[in-house]
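Residue numbers for the sequence shown follow full-length UniProt numbering, beginning at 1 and rising by one. In this text, a Cβ means the ideal position worked out from N, Cα and C, and glycines have one as well. Note sheet for the following structure.
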Amino acid sequence: MSDAAPNRHDFVEPRPTDKFLLQTTGEVVTYQRLLEMYGEAPQTEGELEAILEEYAAAAIVTEL
């Protein structure tokens, strides 16, 4: 029997060049810049969600 749960999703961090809209200022920043503003990289999806919420950042989808 495998140790991995079939419904478990691994945390996938955005690419450094992924773009985010800071909804409070209208500024578009890369994920790398967002991390520089925050000070550290998230280790879980929950931490990433907290960063995005703190900066009111919305991902900009440029690829389908």
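Through-space distance from residue j to residue i, alpha-carbon basis
| i | j | result |
| --- | --- | --- |
| lysine 19 | glycine 26 | 12 Å |
| threonine 24 | alanine 56 | 6 Å |
| glycine 39 | alanine 58 | 18 Å |
| threonine 30 | leucine 52 | 12 Å |
| residue 68 | leucine 34 | Since the displayed the chain opens at 1 and closes at 64, residue 68 lies outside it and no answer follows. |
| phenylalanine 11 | leucine 22 | 22 Å |
| threonine 44 | histidine 9 | 11 Å |
Terminal residues of the beta strand (DSSP E) in which residue i lies
| i | result |
| --- | --- |
| phenylalanine 20 | 19 to 22 |
Expected contact under 8 Å - CB spacing of residue i and residue j to nearest Å
| i | j | result |
| --- | --- | --- |
| alanine 41 | glutamate 13 | 7 Å |
Exercise. In chain order, which continuous runs of the beta strand (DSSP E) of length 3 or greater are located wholly inside the region 30 to 63?
Worked result: If we require 3 residues or more, the beta strand (DSSP E) runs fully inside the region 30 to 63 come out as 57 to 59.
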